[in-house]
Structure formats: C-alpha cells, structure tokens
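Chains as they are written, first to last, in the working numbering: chain C, 98 to 270; chain G, 18 to 198. First up is the structure itself, then whatever we jot down about it.
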Amino acid sequence: MPRIKKMIKNKKNLDRLQEDVMKRIREGKIKMKPKWYFVVGSFMAFIGLVGLSILAIFLINIVFFLFRKRGPGIVRLEMMFSTFPWWVVFLAIVSILVAVLLLKRYDFSYKKNFWLVVLIFIASIFLAAWVIDYFGINETWSRHGPMRRFYQQIERNNEDRPFGQMCRGRRCR
Amino acid sequence: MEGIKNLSDEELVDYVRKKDKESYAEVIRRYKDKLLRYALYLTEDEDKAEDVVQESFIKAYVNLNGFDTRKKFSNWIYRIAHNEAMNVLNEKKQAVLNGDVDFDSGVDLENELVEKELKDKARYCLKRLPVIYREPLILYFFDEKSYEEISDVLRIPVGTVGTRINRAKVLMRKICQESKR
Numbered sequence: 098m099p100r101i102k103k104m105i106k107n108k109k110n111l112d113r114l115q116e117d118v119m120k121r122i123r124e125g126k127i128k129m130k131p132k133w134y135f136v137v138g139s140f141m142a143f144i145g146l147v148g149l150s151i152l153a154i155f156l157i158n159i160v161f162f163l164f165r166k167r168g169p170g171i172v173r174l175e176m177m178f179s180t181f182p183w184w185v186v187f188l189a190i191v192s193i194l195v196a197v198l199l200l201k202r203y204d205f206s207y208k209k210n211f212w213l214v215v216l217i218f219i220a221s222i223f224l225a226a227w228v229i230d231y232f233g234i235n236e237t238w239s240r241h242g243p244m245r246r247f248y249q250q251i252e253r254n255n256e257d258r259p260f261g262q263m264c265r266g267r268r269c270r
Numbered sequence: 018m019e020g021i022k023n024l025s026d027e028e029l030v031d032y033v034r035k036k037d038k039e040s041y042a043e044v045i046r047r048y049k050d051k052l053l054r055y056a057l058y059l060t061e062d063e064d065k066a067e068d069v070v071q072e073s074f075i076k077a078y079v080n081l082n083g084f085d086t087r088k089k090f091s092n093w094i095y096r097i098a099h100n101e102a103m104n105v106l107n108e109k110k111q112a113v114l115n116g117d118v119d120f121d122s123g124v125d126l127e128n129e130l131v132e133k134e135l136k137d138k139a140r141y142c143l144k145r146l147p148v149i150y151r152e153p154l155i156l157y158f159f160d161e162k163s164y165e166e167i168s169d170v171l172r173i174p175v176g177t178v179g180t181r182i183n184r185a186k187v188l189m190r191k192i193c194q195e196s197k198r
C-alpha cells in the first residue's frame, strides 16, 4: 500500500512539474536560445581550435629555429638555456592545453581513444613546426615579410642577453 | 494535437522549435518518468531527483535549438539530466567516485547475473554502488540503452561502458552477497 501511495505522489509531483515548466514557457520566463547562438558558438570554438593550433605550430617552430641557430654543444646549450625565451615554450604549452580542451567538445573525443587523439594532435603540431623549420620557411620569414622584425628580435635576445631582458632595435633595456 | 503523438522524438523537437512551443508538453510527458527514475537512482533523494528533472527540462528547452535532429534526442536529454544529477551529487558530496570495494576483474560473472534477477535484487545493492558504475548499469538494465547510447550519454568510449558494466556486475554481486550475510 505505501508503494502505491508513493507512486501516486510521484505522479502528482510530475504532473505539477510539467505544468510548472509549461507555465514558465507560456509566460516567457524561459526562452529558447536562438539558432544563431549555437552556430556562432560552434564556429568560434572551431576558429579557436584552428587559431590555437596555428599559434602552437608557430611557437614551436620558433623553438626549433632557435635551437638550429645555436647549433650543437654543451656550452652553447647551457648558454642557450640561460637566455632562452621560455615564454614561447610556456605559451605553446598553454595553446596546446586550451586546444585539447576545445577538442573535447567534439564527439570523436569520446568515440575514439581520447589520449590517442591528443597524442596525434600534439605530434601533428610538432611535425608541422618541424616541416616549417626543415624547409627553411622560418628562415625566409626571418628575412622577409611581416614577421621579420619579430624573428630578428627574438634571435637577438637569445644570443647573449640573459632571459627576461628585452631588446628594442639594437639597444637593450 | 493528436498528430504529434505519432511523431518521433526528433520530429517532435523540430515541430516545437518551428511551429508550436506548447507541444513541448509532449516532450515532457514522454520523458518525465524515465528521467525521474534515472535521477532517483543517482541522487537517492526524491526531492532532489524532481529538481534534477525539472532543471533538465528547462535546460533542454532553452538549448533546444542546439540539438542536432540527426542525433538521438533521448541521448541528448539524458546527457542533460546526467549533468544536472552530477551537479547535485557534487554539491552534496554524495558521490563516491572511487569505489572502496575490491573486485577481481578477471572473474567472468556475466552469465551468473541474469537481467531479470538483477532487476529484482538490484535496488538495494545499487545504492551502495559507486556512481561511476551505478550510472551505466541503470542506463543499460533499467532504461535498456545500448552501449553506444550509454557512450553518448556519459561521453565515454564504448569500450569503457562495457568495462564499467562488467565491473559493476562484479561489484553488485559482492555487495549483494555481503548484504545477505
């Protein structure tokens, strides 16, 4: 008997719940978000993912570029680490992490092995950065085009200034 | 109005979005019992379960235009209810996410637990099951969802669904046996 009473109570509550939700809809207290809101949301997430991937590729390519400029050798390596622009590495890691979070929005992130997806994503970023460096595209960017000044500045900073000091033109602060 | 009862869930959602908001009552009618049962098993509290269901219907309505009608509406609304229930569990710190009951993963007990038997005995033991195992088990046995559907609701790989259900069966057996003693 108590079970039947409970069922009736639940049924009444559910009917009340349905009425309550519908009343709020009729009164306009609850409104549907427009279609464009979701379209823009998806588009922004996609653009964000692409943008962050490009940023990560660019930053990692800078790391490869600086490594190559320094060349091999323990002493050079030590010197390079003391003057290395670590913010590039930090920013690259942050970009990758945010991009991975954005990847989770997509269905394939749980339909496939997510860690494998992340691994392939990171490997693709490193591969793209390496290709840019291998074919000397960054070398061209460092001499021509809008990124010329950025490359030259970062290269100069990495040569003999301790990390944290910024150079503007030929003079250092 | 009679006609909408023959529509599939996805067609009904499309109808609500484009033609008649009042028809959302039919969506609620179709899912209120199922979602309440699901929420009740998760929260173990009638009032909280009702709140979860109400919030789920409100959120579903607000985001109805974000639903892709090529997918299954049932999975989508269960996902919303899952998120709401998890919020409630997290708030009250009721969720025991890491089970403290040992089990032998190598033991194959699939045949020992027949579905019907499980349904009858389950209620008490289910309450004692960690939520990460309880949830796929409820969806599989009580809501009769497939592994793929559970994967969509919980957003975990199909393989993980299978693993959790198998582990849940083993855990259930242990818990039920302990409770008999």
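Ideal placement from N, C-alpha and C gives every residue a C-beta, glycine not left out. Because the structure is a prediction, the values reported are computed rather than measured.
Distance from residue 185 (chain C) to residue 151 (chain C) at the Cβ level is roughly 15 Å; contact not present, criterion being Cβ atoms closer than 8 Å.
Restricting attention to G:169, G:150, G:106, the CA atom closest to the CA of residue 89 (chain G) is found in G:169. Here the C-alpha atom of residue 121 (chain C) lies approximately 31 Å from the C-alpha atom of residue 141 (chain C). In the three-state DSSP reduction, residue 128 (chain C) falls in the coil class, being neither helix nor strand.
For residue 57 (chain G), the enclosing alpha helix (DSSP H) begins and ends at 41-60. Residue 120 (chain C) does not reach chain G, its nearest Cβ partner there being about 11 Å away, counting only Cβ pairs nearer than 7 Å. Rounded to whole angstroms, the gap between the alpha carbons of residue 181 (chain G) and residue 171 (chain G) is 12 Å. Along the region 52-85 of chain G, the positions whose C-beta sits under 7 Å from a C-beta of chain C are 53, 67, 70, 71, 74, 75, 78, 79, 80, 81, 82, 83, read in chain order.
Annotated three-state conformation of residue 147 (chain G) is coil, per DSSP. When secondary structure is reduced to three states using DSSP, residue 179 (chain G) falls in the helix class. Annotation: Cβ neighbours of residue 42 (chain G) in chain C (cutoff 8 Å, chain order): 115, 119. The three-state reading of DSSP puts residue 153 (chain G) in helix, counting H, G and I together.
Judged by DSSP secondary structure, residue 235 (chain C) falls within the alpha helix (DSSP H) whose first and last residues are 234-240. If you check each beta-carbon in the region 182-210 of chain C against every beta-carbon of chain G, the ones closer than 9 Å belong to 201, 204, 206, 207, 208, 209, 210.
Flagged as an interface residue toward chain C: residue 174 (chain G), by a C-beta distance shorter than 8 Å. The three-state secondary structure of residue 253 (chain C), taken from DSSP, is helix.
Scanning chain C for C-beta atoms nearer than 8 Å to the C-beta of residue 50 (chain G) yields 111, reported in chain order. Residues of the same chain with a CB within less than 8 Å of the CB of residue 165 (chain G), apart from the 5 flanking positions on each side, are 175 in chain order. By the neighbour-count definition (other C-beta atoms within 10 Å, threshold 16), residue 217 (chain C) is an exposed residue. The Cβ of residue 131 (chain C) sits closer than 8 Å to at least one Cβ of chain G. Each residue's CA atom was taken as its position, placing residue 91 (chain G) and residue 197 (chain C) some 28 Å apart. The beta-carbon of residue 168 (chain G) is placed less than 8 Å from the nearest beta-carbon of chain C.
Neighbours of residue 135 (chain C) in chain G, taken as residues at a C-beta separation under 7 Å, are given in chain order as 82, 83. Nearest Cα to residue 65 (chain G) within the set G:22, G:105, G:24, G:144: G:105.
The alpha-carbon separation between residue 231 (chain C) and residue 223 (chain C) amounts to approximately 12 Å. The C-beta of residue 22 (chain G) comes no closer than 8 Å to any C-beta of chain C.
With a 10 Å radius around the Cβ and a threshold of 16 neighbouring Cβ atoms, residue 184 (chain G) comes out buried. When C-beta distances to chain C are compared with 8 Å, every residue of the region 137-157 of chain G stays at or above that value. Cα atoms of residue 37 (chain G) and residue 87 (chain G): separation of roughly 20 Å, rounded to the nearest angstrom.
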